[in-house]
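Notes for the one structure printed next.
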Amino acid sequence: MSQLFQDFRVALRNLLRMPQYSLTVLLVLALGLGATAAMVGALRTALFTDLPYAAPQQIQNLWWEDREGRDSHYPASWPLFLELKERLHTASAVAGFGSYRMNITGDGEPEQALVGTVTPGFFDVFQAQPILGTVHWAPEAQRGVVLTEGFWTSHFGRDPQVLSRTVRLNGEDHPVLGVLPEAVSLNKVQLFAPLVPTESQRNGRYNRFLPIYARLAPGMGPAQLKAEMEALSQAMAEAHPGQQESVMRLGGKPYTGLLREQNKTVGTILSLAAVLLVAITLVNLANAVLARAMAAREETALRMALGAGTWAALRPRLAESLLLSLGGAFLGTFVAHATMGLLKPVVSPAFQAAHPLAMDKALLGGLAGASVLVALLMAGLPGLLLSRLRLSSVLNASGRGLAGGGSRRLRITLVVAQVALALTLLASFTSAQGTLRRLLAVNLGLRTEGVAVFTCDTSSKDEASEQKAALKVEELVARLKAVPGVKQAGTIGLLPVEDFGWNFGTETPKRPNRDGEWVELRTASPEVFEAFGIRVLQGRGFLPSEREGEGSRMAVISESMARTFYPGESAVGQTFKYGGRWVEVVGVVSDVRNAGPSSEKAKMVAYFPSYLGMLTTSFVVQFESPRVMDLKAIRRVAREVAPEWPLKGLRPMREVVDGSVENVSVQMRLMGLAGGLALLLALAGLHGLLSYVVAQRTREFGIRVAMGASARQIFQLVLRQGVGTTALGVGVGLITAAAAGRLLASFLTDSQPAAPASLAGGAVMLLVGASIASLLPAFRAATHPPAEALRQG
């Protein structure tokens, strides 16, 4: 034990004498081990965590899908839900779930909460157990809410008597029935209420609004469920010939699997990034340890010449390695914590509820184990060199420099390798940036600059309140038009890009309905086309008096719909069928990519006039220019006109478009995080290696100066060595980055192989970073007094 203590004391003293080497290894280990631990933790949560429900693999998500196998999932209608609930025998429970923002009023400012509206049996599907109260409503109940733990905490201060209180939703009081643990919340829902379908929803077989969930019955599996749904689909097609059942079928997947599929891209990026970061870390460490071993080989050879065995000669190196690796692991916990904070937004909240993204005992244990393994590797490399060492040659080479050409070539090779790996990650990041810029530059067919949008819940419980809400909407639009700098204002049922309208199949007198041909339904006020810059190509837009909504017998259609259904002729005055009635086309407008910039083309759209009693109304405000956009004025006017309507999402339309490419933005942020860490690791390793090599070559530089070399020449020599080695690594990295770019493009959303500009950008970043990393060692070498350098030799 005393010998072990002595080894660690000597090792600590040696490390303090070599601050460049010690700090470099600590920094590399902290960044490499910490970031890798965070990514492993995120991978575990995203791909290997079960949802916090009983037997989560038994929960299935059901939908309508295209019979031809196209990747299209549609919710069910109320009649279809009731049919499934009655006829699906492979499931022990079937339930519907929707999520809507509702107004919460009472004490303080009105606000909106995300409310899950559920059918009876929903909590049987998820088998959720409440903290307080119950999660079951009385049959046919239309009132009552179940709170999530988060809502209970934020709005009721965890009051244990909350079951005696009420929540006012959309003007109606709902008694609190129970409280659910936060971990079993679904889709960030804050509270649950019973789903009460409207009359049109009850009777509309093709009014698809309800996502369906089911729990498999004991002894049943996905295969039996699929077989039963295929039989049901066939029976429905025979019972409803020529209708949607003939082109659609029932489909479904395990709910856990669906969520994991959403994390698949994130998991792939994290896996590749973790592997590359580990590789860069190991290469960096190998380079630093190799330099240290070559510097200490004379001391080690002398020990062995005096009779010390290999183990005794290696003990000091092992002690140094253990101190450094454990210190690096300790610092790595802070790096891991910070990195996890950056990774939380990209991992599904459902899995984070089950397994929070944090440094737990398993990750800390893995980090400690990895540090010990790294220590053994760091000590093993000098051992490998010693096994091939001829003691006489080492002792005879005393004072002739740090190392021979072979070791220098190996160190250069290692630097080249880590630079190439770092460039691969940097190029992937710049490629993702390019993809994001390309998507944001896509012409969506609508004006985004200088346009502000927001949404209000304008639903009404009866005709009288509906008329009042309609008057307030008209007053609010008029007041918005009077705001200084506002050019136009109007309303729309669903915002383009952010919200998706309902689809319907249609026909014309000359053209029958065709399989898989869908038209998107949207409502709009007369001013919206002008505010969004949607051009009227034929006919006219809506008149201010036209407010019939979906019940209107007139519509404005998109250019693509006109081209599809009325080829070679004017669409104005023509008709198409919707909801069993014929609708006249009064105008044709330019196409809009409502599905966002990543969609291949604009969908066909039929616009109906905005109508009274819409559940939500989105307001569109066009300013004369982006410079005069005043969101505070909009909020103030809305508060004055309708203080009981909470405002949701008041922001420039540009932010809505930016949010539509969030998947690519997530990829870019992950690549940026990995690329930044790789750059830091590579530059830290390069700086540390140059600093250490300069310290070991002090005598050589002193001799050069004594023989007439200038400080400038010494400076250029060290700088050239650092930048030149990096340039060689960049050359290799350009090849690997191009190959990696093609690989990434094959499975990342909307990604394309790295463009030359992306590769050049990564190369420039590395070369500039290498120049900066080399400056301090070069300056030290150039300014070291030659007399002192010769005395140190």
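With this note's numbering applied, the sequence shown covers 1003 to 1795.
We put the beta carbon where it would ideally sit given N, CA and C, even for glycine.
DSSP beta-bridge partners of residue i
| i | result |
| --- | --- |
| G1253 | W1065 |
| M1556 | E1586 |
| Y1568 | BP columns for Y1568 are empty, so no partner. |
| W1504 | L1523 |
| S1620 | T1457, I1494 |
| Q1540 | V1590 |
| L1171 | I1106, E1174 |
| L1649 | C1458 |
| G1135 | G1180 |
| P1611 | A1526 |
| L1149 | V1181, L1193 |
| T1432 | For T1432, which the question treats as bridged, DSSP gives no partner whatsoever. |
| V944 | No answer is possible for residue 944: it lies beyond the span of the chain, which begins at 1003 and ends at 1795. |
| H1075 | E1067 |
| Y1055 | Note: Y1055 sits in no beta bridge, so no partner. |
| P1654 | A1454 |
| K1579 | W1584 |
| R1513 | T1510 |
Whole-angstrom C-beta distance between residue j and residue i, which should lie under 8 angstroms
| i | j | result |
| --- | --- | --- |
| W1139 | P1162 | About 22 angstroms separates the two Cβ atoms, so there is no contact after all. |
| A1557 | V1585 | 5 angstroms |
| S1592 | E1561 | 6 angstroms |
| P1112 | P1599 | Not confirmed; about 34 angstroms, so no contact. |
| L1227 | T1092 | 5 angstroms |
| W1066 | A1056 | The Cβ separation is near 28 angstroms, so there is no contact. |
| F1610 | L1523 | 7 angstroms |
| A1533 | A1491 | 7 angstroms |
| G1269 | E1500 | That pair is no contact at about 26 angstroms. |
Residue from the options whose Cα sits closest to the Cα of residue i
| i | options | result |
| --- | --- | --- |
| M1563 | P1528, S1554, F1578 | F1578 |
| A1200 | T1119, V1587, T1432 | Residue identity differs from the one stated: residue 1200 is Thr in this sequence, not Ala. Here the closest residue by C-alpha is T1119. |
| K1512 | T1258, R1319, Y1568 | Y1568 |
| C1458 | Q1490, P1347, I1494 | I1494 |
| K1266 | T1728, A1039, F1050, V1453 | F1050 |
| L1768 | A1783, G1733, P1779, A1784 | G1733 |
| A1762 | L1736, L1287, M1104, E1571 | L1736 |
| G1575 | T1566, L1633, V1588 | V1588 |
| L1028 | L1326, L1679, F1621 | L1326 |
| G1196 | V1668, S1620, V1178, T1432 | According to the sequence displayed, residue 1196 carries Pro and not Gly. The shortest Cα separation from P1196 among V1668, S1620, V1178, T1432 belongs to V1178. |
| A1741 | G1724, A1290, A1422, T1270 | A1422 |
| L1446 | N1505, I1536, S1373, F1456 | I1536 |
| F1332 | A1370, F1353, E1322 | A1370 |
| L1108 | E1522, E1642, R1167, S1373 | With the sequence shown as reference, residue 1108 is identified as Gly, and Leu is not the correct amino acid for it. Closest by alpha carbon: R1167. |
| L1428 | L1149, A1644, L1683 | L1683 |
| P1058 | L1261, T1700, A1044, I1133 | L1261 |
| D1175 | F1158, P1318, G1146 | G1146 |
| V1191 | M1222, F1544, V1148, Q1203 | V1148 |
| S1627 | E1263, A1783, K1489, G1180 | K1489 |
| T1426 | P1758, T1738, L1018 | T1738 |
| V1607 | T1618, V1455, V1594 | V1594 |
| I1271 | R1411, L1045, A1237 | L1045 |
| P1224 | N1063, L1025, E1142 | N1063 |
| E1184 | A1644, P1054, N1209 | P1054 |
| Y1580 | V1012, Y1208, K1634, Y1023 | Y1208 |
| S1601 | Q1624, R1583, V1663 | V1663 |
Any chain D beta carbon closer than 8 angstroms to residue i
| i | result |
| --- | --- |
| I1133 | Although the question refers to chain D, the structure presented lacks it and comprises just one protein chain. |
At what residue ranges does the segment 1085-1129 contain a whole run of the alpha helix (DSSP H), taking only runs of 4 or more?
If only complete runs of 4 or more residues are kept, the segment 1085-1129 shows the alpha helix (DSSP H) at 1124-1128, in order along the chain.
Answer yes if the segment 1126-1142 comes into contact with the segment 1089-1103, meaning at least three C-beta pairs across the two stretches below 8 angstroms, and no otherwise.
Yes: the two stretches touch, three or more of their Cβ pairs being nearer than 8 angstroms.
Can you give, in chain order, each stretch of the beta strand (DSSP E) that sits fully within the segment 1209-1281 and has at least 3 residues?
With a minimum length of 3 residues, the continuous beta strand (DSSP E) runs that stay inside the segment 1209-1281 are 1214-1218, 1250-1256.
Assess contact between the segment 1496-1510 and the segment 1216-1231, defined as three or more Cβ pairs (one per stretch) separated by less than 8 angstroms. Is contact present?
Between the segment 1496-1510 and the segment 1216-1231, the count of Cβ pairs shorter than 8 angstroms is below three; the stretches do not touch.
With three or more beta-carbon pairs closer than 8 angstroms as the criterion, would you say the segment 1222-1236 touches the segment 1251-1263?
Verdict: yes, contact present.
Sufficient close CB pairs (3 or more, under 8 angstroms) joining the segment 1438-1446 to the segment 1707-1715:
These segments do not touch.
With a cut-off of 8 angstroms, do at least 3 Cβ pairs link the segment 1355-1368 to the segment 1325-1341?
Yes: at least three Cβ pairs fall under 8 angstroms.
Take every Cβ of the segment 1682-1690, pair it with every Cβ of the segment 1649-1657, and state whether three or more of those distances are shorter than 8 angstroms.
The segment 1682-1690 vs the segment 1649-1657: no contact.
What are the start and end residues of each continuous alpha helix (DSSP H) run of 4 or more residues lying completely inside the segment 1659-1730, in chain order?
Positions of the alpha helix (DSSP H) runs, each at least 4 residues long and wholly inside the segment 1659-1730, are given as 1664-1698, 1700-1708 in order along the chain.
With contact counted as at least three CB pairs below 8 angstroms, one residue from each stretch, are the segment 1271-1287 and the segment 1660-1674 in contact?
With a cut-off of 8 angstroms on Cβ pairs, the segment 1271-1287 is in contact with the segment 1660-1674, counting three or more such pairs.
Segment contact, 8 angstroms Cβ cut-off, at least three pairs: the segment 1365-1382 with the segment 1033-1047:
Segments in contact, yes.
How about the segment 1717-1733 and the segment 1765-1780: do they share at least three Cβ pairs that are nearer than 8 angstroms?
The segment 1717-1733, when compared against the segment 1765-1780, does touch it at the 8 angstroms Cβ threshold.
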